Amino acid sequence: MQKLTNRSVQIDRSPMTFGERIYLPALAKGLGITLGHIFKKKATIRYPEEKRPFSPVFRGLHILNRDEQGAERCTACGLCALACPAEAITMEAAERKPGEENLYREEKYAAKYEINMLRCIFCGYCEEACPKDAIYLTETVMPSNYTRESFIYKKEDLLIPNPIKQDSK
Amino acid sequence: MLLLQIDTAFIVEKSILITVILLGSLGIAMYATWAERKVSAVMQDRIGPNRAGPFGLFQPLADGLKLFFKEEIIPDRSTRFIFILGPCLAMLTATMTSAVIPWGPDYVTASGHVFSFQVADINIGILFVFGVVSLGVYGVMLGGWASNNKFSLLSSIRAASQAISYELAMGISLIALLMMTGSLSLRDIVAQQHGFWSDGYFSWNFFKQPLAFIIFLTCAFAELARAPFDLPECDSELNMGYHQEYSSMKLGFYLFSEYINLFISSTILITLFFGGYNFPFMDLVATHVPSLLFAVICISVLLTKVILMILFFMAVRWTLPRFRYDQLMKLGWKSLIPLALVNMLITGIVILWVKK
Chain A
0 MQKLTNRSVQ
10 IDRSPMTFGE
20 RIYLPALAKG
30 LGITLGHIFK
40 KKATIRYPEE
50 KRPFSPVFRG
60 LHILNRDEQG
70 AERCTACGLC
80 ALACPAEAIT
90 MEAAERKPGE
100 ENLYREEKYA
110 AKYEINMLRC
120 IFCGYCEEAC
130 PKDAIYLTET
140 VMPSNYTRES
150 FIYKKEDLLI
160 PNPIKQDSK
Chain B
0 MLLLQIDTAF
10 IVEKSILITV
20 ILLGSLGIAM
30 YATWAERKVS
40 AVMQDRIGPN
50 RAGPFGLFQP
60 LADGLKLFFK
70 EEIIPDRSTR
80 FIFILGPCLA
90 MLTATMTSAV
100 IPWGPDYVTA
110 SGHVFSFQVA
120 DINIGILFVF
130 GVVSLGVYGV
140 MLGGWASNNK
150 FSLLSSIRAA
160 SQAISYELAM
170 GISLIALLMM
180 TGSLSLRDIV
190 AQQHGFWSDG
200 YFSWNFFKQP
210 LAFIIFLTCA
220 FAELARAPFD
230 LPECDSELNM
240 GYHQEYSSMK
250 LGFYLFSEYI
260 NLFISSTILI
270 TLFFGGYNFP
280 FMDLVATHVP
290 SLLFAVICIS
300 VLLTKVILMI
310 LFFMAVRWTL
320 PRFRYDQLMK
330 LGWKSLIPLA
340 LVNMLITGIV
350 ILWVKK
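Sequences listed follow chains A and B, in order.
Numbering that gives the first Met the number 0 puts the first residue of the first sequence at 0, with every later residue one more than the last.
Numbering that gives the first Met the number 0 puts the first residue of the second sequence at 0, with every later residue one more than the last.
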């Protein structure tokens, strides 16, 4: 029969030697290997004291960004809600009043912005769809909670603190 | 009218001893589960439980509490009385053998009262142990039958057949040992292994009967249904075998009785082959140390040896692959029994020749 590769090994069907039949030398050798592993370095990562580093494109919790002057970037255009395959994002727009120029970049802003974390699949389509660089997925892993209502993250939970004033709106 | 004189001091003393031994064996079995997880972890390049207290030392308590809080399910069509009896029998036979083991040397108080560390010094000590171990098979079989589950029944039949096959080889290998010691009482067997070196040779029975030790060790593995003979209860092959229908504390009893059996089997092995509580230079220590402290030292030496033996059992579990059922039966009937008989024959010949 023609062999496909030259890696095949002929099976050794010779009868067992005395040393193989009594099994004790094999036991001793095996014990040597097992007991040797006690002194090797362990592969466990002791979470949460040690954490594995994530890659730079890791998709974790969302944040709503601000620009260099401290104004919110999000204009409630709704492209992220449209792009979301799980329909997790909902928002309500509001008009900027004359005295709030430093808070919002454009005339329209999001009065209510909610992401239902139980629906979100962390695909990152909202991040790709946003034209204003407003929503990002960070490295934070989503924490657990007790009730379904507590998983609907409001705008306060998502917006990052103002880098200039060091307080969040 | 006959006035019965009840020796209350004797009853109180023995009750305290029984309580201490029982609690001790329960405690050691509990921490044997912890040690099993930790030891198997370090042999597999990982760390075991380390969250439930420093080094995970409260893990057995957490496991016990978890089992208490689970729902107690008794299948509708099971034989209710036998269903509940199974784990109780397993636990009973596991704890009963600890009564005849000599845990330490006799302690003679200043007033001449002899306090013995053995609960019952019967003159058929080792035979009692064998009888109780044979009764342990009932716990397994009744559990499998009463579950009204075909797969549990098959598994329990397999476990029982494994246990009774290896009991034979165990008994025959011990006959050779008993021919040498001349007595069945465990206290005499330990007394004959006094010290470490006597009459120009090692006094421990391991050096006098190495083949009997190997056969007895293999049979102990099979009696405990521990790897590599753990087909009745292997984690990955069957869905739990004869304890599938059990929940909550009845399951806890089955699992716990396995670890108590491990502790007691290790102690019996050490008592028979490794000199029990004897250690080298013990006469030298006995003259320099008050006799109560000497008894405590002997007990701790015994416990150290038992712990080392338990660690050996655990190391072998993670070293050897499982035996298939027919390989297991072949080993028990066709290899170990002839080997034990040959050992008995050789021992008999040597004894007669030396006596001449």
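Note that CB positions come from ideal geometry on N, CA and C, so glycine has one too.
Note that the coordinates shown come from a computational prediction; the quantities given were computed from them, not determined experimentally.
- Among the CB atoms of chain A, none fall inside 8 Å of the CB of ARG157(B).
- Per the coordinates, the alpha-carbon of PRO130(A) lies some 9 Å from the alpha-carbon of CYS79(A).
- Under the Cβ criterion of 8 Å, LYS2(A) is not counted among the residues facing chain B.
- The contact set of ILE46(B) on chain A, defined by CB atoms closer than 7 Å, consists of LYS41 and THR43 in chain order.
- When PHE273(B), LEU216(B), ILE298(B) and LEU230(B) are compared, the shortest CA-CA separation from PHE312(B) is found for LEU216(B).
- Near chain B, meaning a CB-to-CB distance below 8 Å, the residues of the stretch 4–36 of chain A are LEU23, LEU26, GLY29, LEU30, ILE32, THR33, LEU34 and HIS36.
- At the C-beta level, SER154(B) and PRO231(B) come within 8 Å of one another.
- Along the stretch 290–321 of chain B, the positions whose C-beta sits under 9 Å from a C-beta of chain A are PHE311, ALA314, VAL315, TRP317, THR318 and LEU319, read in chain order.
- At a Cβ-Cβ threshold of 8 Å, ILE259(B) and ALA158(B) do not count as neighbours.
- Interface annotation, MET42(B): in contact with chain A, CB-CB separation under 8 Å.
- At a Cβ-Cβ threshold of 8 Å, GLU222(B) and VAL132(B) count as neighbours.
- Residue pairing by DSSP places TYR106(B) opposite PHE114(B) in a beta bridge.
- A straight line joining the alpha-carbon of CYS125(A) with that of ARG45(B) spans about 39 Å.
- The beta-bridge partner set that DSSP reports for TRP196(B) consists of PHE201(B).
- DSSP places LYS37(B) in the uninterrupted alpha helix (DSSP H) bounded by 7–42.
- At least 8 Å separates the beta-carbon of ALA128(A) from that of ALA75(A).
- For TYR145(A), no alpha helix (DSSP H) encloses it, and the DSSP letter there is neither H nor E.
- CA-to-CA, the gap between ILE114(A) and TYR103(A) works out to about 20 Å.
- Fewer than three pairs of CB atoms, one per stretch, sit closer than 8 Å, so the stretch 166–184 of chain B makes no contact with the stretch 307–324 of chain B.
- The C-beta separation of ARG118(A) from ALA87(A) comes to about 4 Å, placing the pair in contact by the 8 Å criterion.
- Secondary structure in the stretch 144–224 of chain B: no beta strand (DSSP E) run of 3 residues or longer lies completely within the stretch.
- Contact between ASN122(B) and SER184(B) holds, with the beta-carbon distance rounding to 5 Å and staying under 8 Å.
- Here VAL295(B) has no same chain residue with a Cβ atom under 7 Å from its own Cβ, once five neighbours each way along the sequence are excluded.
- The three-state secondary structure of LYS50(A), taken from DSSP, is coil.
- Looking at the DSSP output, ARG65(A) bridges to GLU71(A).
- Cβ-Cβ distances below 7 Å link GLY26(B) to nothing in the same chain once the five nearest sequence neighbours on each side are left out.
- Collapsing the DSSP output to three states places THR139(A) in coil.
- One thing to note: LEU319(B) has its Cβ within 8 Å of the Cβ of ALA226(B).
- Here ILE134(A) is bridged, per DSSP, to LEU63(A).
- By the Cβ-count criterion, ALA339(B) is buried, with 16 or more other Cβ atoms from all chains shown falling within 10 Å of its own Cβ.
- Of the residues assessed, VAL19(B) falls on the exposed side of the cut-off, its CB having fewer than 16 other CB atoms within 10 angstroms.
- Judged by beta-carbon spacing, LEU64(B) lies beyond the 8 Å limit of ILE214(B), meaning their Cβ atoms are not closer than that value.
- The Cβ neighbour count for TYR200(B), taken over all protein chains shown within 10 Å, is under 16; the residue is labelled exposed.
- Sequence-distant partners of VAL189(B) (beyond 5 residues in either direction) whose C-beta falls short of 8 Å from its own C-beta, in its chain, are PRO101, THR270, GLY274, GLY275, TYR276 and ASN277.
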